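Participant: Just remember that my numbering sits 10 ahead of the position in the sequence shown, which is counted from 1. Beta carbons are placed, not taken as given, at the ideal position from N, Cα and C, and that holds for glycine. Note that this is a predicted model, so its numbers are computed, not measured.
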Amino acid sequence: MRKRIAILGSTGSIGTQALQVIADNPQLFEAYAITAYNNYQLLIAQAIKFRPKYAIIVKDEFYTDVCDALAGTGVTVLAGMESVCSVVAEPEVDMVLTAMVGYAGLRPTISAMEKGKTIALANKETMVVAGEIICDLQRRYGSRILPVDSEHSAIFQCLQGEQQNQVEKILLTASGGPFRTKDIDYLKTVTAADALKHPNWSMGAKITIDSASMMNKGFEVIEAKWLFGIDVDKIEVVVHPQSIIHSMVQFADGAIKAQLGTPDMKLPIQYALSYPSRLPNSYGRVNFFDLASMTFEKPDMEKFRNLALAYQAIHRGGNAPCILNAANEVANAAFLEGKIGFLQMSDVIESTLQTATFISTPTYQDYVDSDAEARRIASMCQASTSC
């Protein structure tokens, strides 16, 4: 039987590439459900091509447009986040690929895990915001999480067969983004268009800005802590501009295992969908003879303050990472819209972390409330010249 996959965020960068993987392996995978927030036109095109059982548009103002376009196709059209949460819990779903952007991915991920579903996790904010709750759901319902982020997929692959061996350190690689070699004075004047020019990866706008500011790497540190049950002080960020080594694991004897590959997200997506099997494909291969060199650097946390703020948040614990994420989403959007400068994103996030209510042992409702409060504070801060 084909594996039936619900793709949350099918119109985004990860979602569209996941559908390519499914199209390449139609005998193995089926797009059971696809969802989009507001890109209803691409959702319609995907539904016509893949004929899932469900096409869900979260923003219900586009519901009629999707219904009209898909009339007679056999695809059931639904709207709203409640529909997403309901469909991922259906017994026919074998795997849920969570590729929604930001905090929005948390609720449907929880709904799926409460039914013991396997999660192909591409929404790192789920672990950043509520890692402790997600880990508890894993234990309670036996849900499996297969990481899709290239770095966490690399770590996951390096740990295969090493269950009995002590991990001394995780080496989380980072490209350094488009501003790795620039100084702070340069960063004062960069635009969103500059920040969207990632040197290696093709990603959506939000995650590309997060990569440029290194907040994305901060989120990945937090995610790695929860996914692999390792103390954050044993997670080290290594800037590797060539993006060939996707991450490494150092064991107690000093040996280091690394996972290498071309910077192509279809590789970790396919591995998550097919795990534990490795499927043949026609994707690019690493040719070591074409590599002039592979270099490694320490991240500059003074220039890229967002990475330092992420470490501070996870060290503090509680709802601090939730506050961090909410403030970052507001600051990221404001920068993309030209309302604040690149360096001001860190100012907004730091001020929000200092101002928002801290809760040491949050419940799910506390996370919901903290997210809303942090967004209000960050929105006021980004609108203020004093921030």
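1) Could you work out which residue in ALA234, LYS308, ALA388 is closest to THR136 when comparing CA atoms only?
2) Smallest Cα separation from PHE189: which of PRO309, PRO331, ALA318?
3) Note down the Cα distance separating VAL138 from CYS332, rounded to an integer number of angstroms.
4) Taking only three categories from DSSP, how would you classify GLU347?
5) Quick one: complete beta strand (DSSP E) runs, 3+ long, within the region 214-302?
6) With burial defined as no fewer than 16 other Cβ atoms inside 10 Å of the residue's Cβ, what is the status of GLY171: buried or exposed?
7) Restricting to Cα atoms, I'd like to know which of ASP379, LEU317, LEU38, VAL158 is closest to GLY25.
8) Hey, quick one: how far does the beta strand (DSSP E) through VAL68 stretch, first residue to last?
9) Residue range of the beta strand (DSSP E) that MET398 falls in?
10) Quick check: what's the CA-CA separation for ALA330 versus ILE359?
11) Evaluate ASN335 with the Cβ neighbour count: other Cβ atoms within 10 Å of its Cβ, from every protein chain shown; 16 or more gives buried, anything less gives exposed.
12) Within a Cβ cutoff of 6 Å, which residues of the same chain sit near ALA79, ignoring the five residues on either side of it in sequence?
13) With three or more C-beta pairs closer than 8 Å as the rule, is the region 303-320 touching the region 272-290?
14) Would you call TYR113 buried or exposed, if buried means 16 or more other Cβ atoms sit within 10 Å of its Cβ?
15) To the nearest angstrom, report how far apart ALA46 and LYS244 are at their CA atoms.
16) If the criterion is Cβ atoms closer than 8 Å, does the pair LEU116 and ALA28 meet it?
17) Check whether the Cβ atoms of GLN252 and MET304 sit closer than 8 Å, and answer yes or no.
Facilitator: So, from the listed chains and residues:
1) Checked all of ALA234, LYS308, ALA388; the closest Cα to THR136 is ALA234.
2) PRO309
3) 7 Å
4) coil
5) 245-249, 255-261, 266-270
6) Counting of Cβ neighbours within 10 angstroms places GLY171 among the exposed residues, the total staying below 16.
7) VAL158
8) Unbroken run through VAL68: none, as it is neither H nor E.
9) Residue 398 lies beyond the stretch modelled for the chain, which goes from 11 to 397, so this question has no answer here.
10) 11 Å
11) buried
12) By the criterion of a C-beta distance shorter than 6 Å, ALA79 is surrounded in its chain by ILE54, once the five residues flanking it on both sides are discounted.
13) no
14) buried
15) 37 Å
16) Here LEU116 is not near ALA28, since their CB atoms are 8 Å or more apart.
17) yes
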